[in-house]
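Notes follow once the structure below has been shown.
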Ligand code: HDD
Ligand code: HEM
Ligand code: HEM
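Chains as they are written, first to last, in our numbering: chain A, 2 to 348; chain B, 4 to 481.
Below you can see the structure in the form of structure tokens.
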């Protein structure tokens, strides 16, 4: 499968970028996933002040979290332009809806603060837009796993209609994304509010329900993928089946630790364990897909830009990524304390 | 036929999201600079007025910034969706540059913006000023890269088209392509000019309403004096950019000037500059025009009879449309000169010590004009971009890739859904952005809240809550 005309250095750079892309997406999912999930949760919070509190809880960090999506987009465009140009056309509809939703969410977050009479409107928009972002982003992810047809020619582009992304599997991954994010979101709310706040009790119920729902969702997705995607089955049941079994054990262990931490009220630990589980599953998926970037459509070799160079990679990853991580961390640290709903927007 | 309509629609789709995005970033770029200045003055003088001003304009900044991010994320995806084949072909250069923008500017900016907005009273004053500084720097870097990507499309160099893909042969040539430095300078100064006139407009409005004179009189003067330097600079940079266009994109220049004929009927060089004209693409000429002889040669070649290439040198299918560049350019230039006069007159009033309370007579009139002038740079920036983008037609990458080869094959239905959807969304964003900005402006600066100096108080409280820190447990450390 691996083309022979690629030099070792180039191969290394391509893999390095592939990893950077996956890493940015992973960070996006871990960081913004919780924000989005908290948005969905806020739809079910009655008390307007508490809803404002949910928004306030992410006020200082949501923009930086979302930036990881932009980073992933930038890396994709910069390093794998052939995928960027064709996949985005394939995913026109879900991406447009995600875009609308992200826009609405962003302005709801900003404007809620300045509004007097229209707070209800912004609260609602914020919640609904969080939900649609999750669902359609999840759908897009599932649709990518299914691959898409290309034109022939030197620069293959997407050939197919705008509804091709809809399938039972992609609808399911959309639902799965909502479920998983609800878990992350309710853990986030529990960690961000003071222990005396009522909203934490409501979030506890959510943690419970979304926890079981997530378990089911993960199992269903894995089994479905196994049956549906030969490239996944080949890897998982191939000679390294023991390694994949270890991965599964690791996931089960992290999930168990998360559950325990959350029971004990150690909210930060619960979040960290959840993120560990997400990271393991995400990396496992990336490796499962190799050498494909988009299964049965683009290998990472064919998709890589001819001008990827070690210099630019080193610049970006050695220089800016670590700096960005430090900022991210510093920001989270500055805004780390629990809040009460009265520090919410509009007070 | 179907596909011609679809292509037109996808172009409109892109033009629409770009134009709507572009309402916000220039203010972000320019205002960040002014905020940094005001906050720095506060650090140095400890004068409360500077603090109130910083906080006040920062509120406007934030509203604008949110809208900029929301519409900007759209732009990044819009390329892949609307210009799939272009993104694939130009990715090796263009995508890389946008990638740099993401990494060096957006990541960088996002890291500091939260601190700048919510860090008041939580981090030290020096750290806060540092955050503001970095927001300023990173937004400028953003303009740097995006102008780079765009100017490369205008004057592509350092690349080779092989098998339908642009391979980069020389990075430094591609980055420092002929039109980059001029257009970046012109753009950046446009952002500063816009922010200055925005501040001027807001201050003038407050003074007209006789509100907070103690706070708004000083920045009005500072901004006017700065504008008296920046506005002529912008005219100069515009002229400089025009020279570059004339040299490297003669077709674009001809379209901007409605210049159809290189030579007159008698064989002499056509040197006429049209003030107004009625371009007619089918006839390949202006139906009528009001023309000043020699002016065009003077502007473009700085000589009386220099030759300027006309559209008649190009085959019809390679000619850009004329209406938009011609009038877009004129509106921008008119605004450029008008703003310069406003700034000069304001500076003169200051010099004569007539721009002081109680603002009657000439100074009152001046304030009204100043409020009006606050809107004009937005229009100039729009018309400037429309000129630039339309005059590049029918090329997507000048001379190398035509628009119809770069646009995604969308159906008319798809393109229409996009357009209608974004029409509504972007208008909603615009309406509320300006609505809330107006609200903040009407409300005026907050004079009651205590001045937040640097601090290390219990973190995590969005508003400083005095004394009861103990009651709120800090974040549980495991
Ligand atoms: C980095 C590249 C880039 C940048 C910074 C911009 N554009 Fe652009 N623009 C394009 C890249 C582009 C493009 C993708 O290349 C288009 C689509 C079709 C075309 O010829 O150029 C285009 C088309 C296009 C058109 C339609 C022209 C036509 O089809 O006749 C307009 C009016 C604008 N843009 C306006 C803007 C504005 C107001 C911008 C300010 C932010 C802007 N563009 C920035
Ligand atoms: C077609 C080209 C463009 C694309 C793809 C684009 C993309 C984006 C994106 C994705 C964002 C949001 C970043 C975030 O998450 O923080 C953004 C914001 C921004 N853009 Fe653009 N943009 C374009 C045109 C421009 C131009 C022409 C300028 C300036 C000259 C500019 C300057 C900025 C700035 C300063 C910001 C951050 C501040 C703000 O949001 O107001 N952009 N842009
Ligand atoms: C007399 C004054 C001015 C002159 C002679 C001038 C000239 C020009 C020229 C020649 C272009 C390039 C068009 C192309 O590429 O086809 C341009 C673009 C532009 N102008 Fe101006 N301009 C002037 C004033 C202004 C003002 C006052 C603003 C805004 C405050 C402005 C904003 C822009 C923008 C945003 C662009 C597109 C980006 C760029 O090319 O940098 N201009 N202008």
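For each residue, glycine too, the CB sits at the ideal point set by N, CA and C.
Grab me the residues of residue i's own chain with a C-beta within less than 7 Å of its C-beta, minus the 5 sequence neighbours each way, in chain order.
i                     : result
residue 98 (chain A)  : 133 and 137
residue 1 (chain A)   : Residue 1 (chain A) lies beyond the residue range present for chain A, which begins at 2 and ends at 348; the question has no answer from this structure.
residue 259 (chain B) : 328, 329, 332, 390 and 394
residue 244 (chain B) : 185, 186 and 189
residue 70 (chain B)  : 27, 432 and 436
residue 279 (chain A) : 30 and 31
Roughly how many angstroms separate the alpha carbons of residue i and residue j, rounded to a whole number?
i                     : j                     : result
residue 451 (chain B) : residue 66 (chain B)  : 22 Å
residue 459 (chain B) : residue 122 (chain B) : Confidence is the limiting factor: at residue 459 (chain B) the pLDDT is only 49, short of 50, which leaves the residue's position unreliable, though a coordinate-based value still follows. Those two C-alpha atoms are separated by around 10 Å.
residue 428 (chain B) : residue 104 (chain B) : 25 Å
residue 185 (chain B) : residue 36 (chain B)  : 21 Å
residue 422 (chain B) : residue 299 (chain A) : 30 Å
residue 262 (chain A) : residue 246 (chain A) : 24 Å
residue 28 (chain A)  : residue 96 (chain A)  : 19 Å
residue 199 (chain B) : residue 183 (chain B) : 24 Å
residue 222 (chain A) : residue 35 (chain A)  : 21 Å
residue 7 (chain B)   : residue 304 (chain B) : 38 Å
residue 274 (chain B) : residue 9 (chain A)   : 59 Å
residue 334 (chain B) : residue 181 (chain B) : 25 Å
residue 120 (chain B) : residue 87 (chain A)  : 38 Å
residue 239 (chain A) : residue 233 (chain A) : 10 Å
residue 287 (chain B) : residue 318 (chain B) : 11 Å
Residues in its own chain within less than 8 Å of residue i by CB, not counting five upstream and five downstream?
i                     : result
residue 90 (chain A)  : 158 and 159
residue 192 (chain A) : 268, 269, 271, 272 and 339
residue 100 (chain A) : none
So, does the CB of residue i fall closer than 7 Å to a CB anywhere in chain B?
i                     : result
residue 198 (chain A) : no
residue 1 (chain A)   : Residue 1 (chain A) is absent from the model: chain A starts at 2 and stops at 348.
residue 83 (chain A)  : yes
residue 263 (chain A) : no
residue 59 (chain A)  : no
residue 79 (chain A)  : yes
residue 14 (chain A)  : no
residue 62 (chain A)  : yes
residue 25 (chain A)  : no
residue 49 (chain A)  : no
State yes or no: is the beta carbon of residue i nearer than 7 Å to at least one beta carbon in chain A?
i                     : result
residue 268 (chain B) : no
residue 129 (chain B) : no
residue 99 (chain B)  : yes
residue 459 (chain B) : Below a pLDDT of 50, predicted positions are generally treated as unreliable, and residue 459 (chain B), at 49, falls in that range; no measurement from the model is reported.
residue 427 (chain B) : no
residue 136 (chain B) : no
residue 432 (chain B) : yes
residue 404 (chain B) : no
residue 90 (chain B)  : yes
residue 94 (chain B)  : yes
Residue i touches chain B at which residues, Cβ-Cβ below 8 Å?
i                     : result
residue 276 (chain A) : Ordered by position in chain B, no residue passes the 8 Å Cβ test against residue 276 (chain A), which lies about 14 Å from the chain.
residue 332 (chain A) : 114, 117 and 118
residue 136 (chain A) : In chain order: nothing, as chain B lies at least about 17 Å away.
Using a Cβ-Cβ cutoff of less than 6 Å, which residues in the same chain neighbour residue i once the five nearest sequence positions on both sides are dropped?
i                     : result
residue 377 (chain B) : 200, 201 and 204
residue 464 (chain B) : Only weak support is given to the placement of residue 464 (chain B): the predicted model assigns it a pLDDT of 40, under 50, and the value that follows is read from those uncertain coordinates. No residues qualify anywhere along the chain.
residue 118 (chain A) : none
Could you tell me which chain B residues have their CB closer than 9 Å to the CB of residue i, listed as they occur along the chain?
i                     : result
residue 131 (chain A) : Simply none; closest approach about 14 Å.
residue 351 (chain A) : With chain A covering 2 to 348 only, the question about residue 351 (chain A) has no answer from this structure.
Given that residue i touches chain B, what residues does it touch there, using C-beta distances under 7 Å?
i                     : result
residue 163 (chain A) : 417
residue 68 (chain A)  : 109, 110 and 113
residue 76 (chain A)  : 102
By the criterion of Cβ-Cβ separation under 7 Å, what are the contact partners of residue i in chain A?
i                     : result
residue 411 (chain B) : 90
Quiz item: Using Cβ-Cβ distances below 8 Å, what residues of the stretch 436–449 of chain B are close to chain A?
Solution: For the stretch 436–449 of chain B, which is checked against every Cβ of chain A, the residues closer than 8 Å are 436, 439, 442 and 443.
Quiz item: Mind listing which residues of the stretch 61–74 of chain B have their C-beta closer than 9 Å to chain A's C-betas, in chain order?
Solution: Hits within the stretch, in order: 62, 65, 66, 68, 69, 70, 72, 73 and 74.
Self-check item: the stretch 94–107 of chain A: positions lying closer than 7 Å to chain B by Cβ
Solution: Within the stretch 94–107 of chain A, the qualifying residues are 96, 97, 100, 101, 103, 104 and 107.
Quiz item: Any residues in the stretch 141–170 of chain B with a beta carbon nearer than 7 Å to a beta carbon of chain A? Which ones, in chain order?
Solution: Taking 7 Å as the Cβ-Cβ cut-off against chain A, the residues of the stretch 141–170 of chain B that qualify are 166, 167, 168 and 170.
Quiz item: According to a CB-to-CB cut-off of less than 7 Å, which residues of the stretch 144–159 of chain A neighbour chain B?
Solution: Listed by position along the chain: 155, 156, 158 and 159.
Quiz item: Name the residues in the stretch 10–32 of chain B whose C-beta lies less than 7 Å from a C-beta of chain A; which are they?
Solution: Answer in chain order: no residues at all.
Quiz item: What residues from the stretch 239–261 of chain B come within 9 Å of chain A, judged by C-beta to C-beta, listed N to C?
Solution: Hits within the stretch: zero.
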